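Protein chains in written order, with my numbering: chain F, 1129 to 1286; chain H, 33 to 197. All C-beta atoms in this analysis are idealised placements derived from N, C-alpha and C, irrespective of residue type, glycine included. Computed from a predicted structure; not experimentally measured. To start, the structure itself, in C-alpha cells.
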Amino acid sequence: MSFLPLFEWAGETTVGITISGSVWMFPVIQCLHLLALAILGGAVLVVDLRLLGLGLRHQPVSQLAHDTQPWLVGSLLVMLATGVLLLTSETLRVYYSPPFWWKMQFLLLAMLFTFTVRQKVARSDAARIPPLLGRLVAVVSLSLWFGVGFSGRWIAFY
Amino acid sequence: MSPLEFFEWLGNTPWSIALLESLWVYPIVETTHVLTLCLFLGLIATLDLRLVGLTLRRVPVSEVAGRLLPWALGGFALMVVSGLLLFYSHPLRAYENIFFRIKIVMLVLAGLNAFVFHTTVYRRVTDWDLAPIAPLRARVAGYLSLVLWCGVVVGGRMQAYSWFN
Chain F
1129 MSFLPLFEWA
1139 GETTVGITIS
1149 GSVWMFPVIQ
1159 CLHLLALAIL
1169 GGAVLVVDLR
1179 LLGLGLRHQP
1189 VSQLAHDTQP
1199 WLVGSLLVML
1209 ATGVLLLTSE
1219 TLRVYYSPPF
1229 WWKMQFLLLA
1239 MLFTFTVRQK
1249 VARSDAARIP
1259 PLLGRLVAVV
1269 SLSLWFGVGF
1279 SGRWIAFY
Chain H
33 MSPLEFFEWL
43 GNTPWSIALL
53 ESLWVYPIVE
63 TTHVLTLCLF
73 LGLIATLDLR
83 LVGLTLRRVP
93 VSEVAGRLLP
103 WALGGFALMV
113 VSGLLLFYSH
123 PLRAYENIFF
133 RIKIVMLVLA
143 GLNAFVFHTT
153 VYRRVTDWDL
163 APIAPLRARV
173 AGYLSLVLWC
183 GVVVGGRMQA
193 YSWFN
C-alpha cells in the first residue's frame, strides 16, 4: 500500500490549500511546533534524567512522572496537531523526503515506548525499579526522541 | 568600519563561506541549535512552571533550580556556540533581518530577568522553598521568562523568512 494517494488528498483539502497559500500561516505553525518541542523535551528530560540517577534524584520517579505527565501529553498533542498542519501544506515535498519517513518511524516507536514500557517503569514503586532497568529505559527513550527531533530537522535539508 | 561593512567582510571570510556551503556541517550545527532547545529551554521552562505553580509543586524550588539549571546551562553553552557559528555563516543576512534583531533584544531581556531573579527574590528562597506557588516576584519572573524565551524562539524561527528586508 502506498501513502501517496492519502498525501495527495491531504494536500488538496481546504486546510492544506489555505496554509500553503498563506504567507504567514506556515511560519506561525512552525513556531508553535518548536515551542511545544521545548516543553516536550523538558517533560521527557525531567523523568529520564531521574531514571539515570541525575537531575531531581531526591524525588520518587513516580511523582516526577505524575507531575510532568500533563505537560508531556499536552505538548505531544500540540506537536502532532501542528505537525499534521505543516504536513498538509507541503505533502508531496515531504512524501519524497527520506528524513520524514525516518521521523515517522522514530515517532511511532517513541510514542509506543513512552506510553507502555516507560510509563509502567516510571509509575512503579521506586524501590522496585532495578537501577539498570531504569537507566536502560531512559537511554532508549532519549535515543528514540532524539531520532524524532534529528530526522525532523533534516526534512528541511533532504 | 561600520557594523554593516564589518559583517559584510566577516561573511566573505573563507571559513564563513565554507560553513554556509558545507554539505554536512551546516545542517549538523543547525540541528544542534534546534535540538538543544529541549535541554536548555525545556528545563528552564520546567523551573518557570514550578515558580508559577504549574508543575512539580511538591519539589522544593531550590532543588529544581539546583539540580536542573546545570543541565540547562550546559544546553545554553551548546546553544550559544552553535548560534554563533550559524551567525558566522551568514552575518549580513542575520544583521539585516528584523526577526534576528527582535530575537537578540528578547535574549538580552531574558538574561536581565534571570539576573534580577537570582540576585533578589531567589536569594531568600529558603523562606518560600516549599510553597507550591512561589511569591509574586518569583511568579512574575517565571511568567516573564516564559514569554521572553518564547519570543527568542519565535524570532529565531522567523529569521528564516526575510519579509521586511
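In the three-state DSSP reduction, Arg90 (chain H) falls in the coil class, being neither helix nor strand. Shown here, Trp56 (chain H) sits in coil according to DSSP, grouped into three states, outside any helix or strand. Contact between the region 1232-1246 of chain F and the region 1136-1149 of chain F is not established, with fewer than three Cβ pairs separated by less than 8 Å.
For Asn129 (chain H), there is no enclosing alpha helix (DSSP H), as DSSP marks it with neither H nor E. The beta carbon of Trp1273 (chain F) lies closer than 7 Å to those of Val1172, Ala1238 in the same chain, with the five residues before and after it left out. Within the region 1171-1188 of chain F, Ala1171, Val1172, Leu1173, Val1174, Leu1177, Leu1182, Gly1183, Leu1184, Arg1185, His1186, Gln1187 place their CB atoms closer than 9 Å to a CB of chain H, listed in sequence order. In the three-state scheme derived from DSSP, where H, G and I count as helix and E and B as strand, Tyr1224 (chain F) is classed as coil. At a cut-off of 9 Å between C-beta atoms, Thr158 (chain H) does not count as an interface residue with respect to chain F. With fewer than 16 other Cβ atoms inside 10 Å of its own Cβ, Gly98 (chain H) counts as exposed.
Interface flag for Gly1262 (chain F) against chain H is unset, since no Cβ pair is found closer than 9 Å.
No residue range can be given for Ser34 (chain H), since it is assigned to no alpha helix (DSSP H) and is classified by DSSP as neither H nor E. Three or more beta-carbon pairs separated by less than 8 Å are not found between the region 1149-1160 of chain F and the region 57-66 of chain H, which leaves the two stretches without contact.
DSSP places Thr1244 (chain F) in no alpha helix (DSSP H); its state is neither H nor E.
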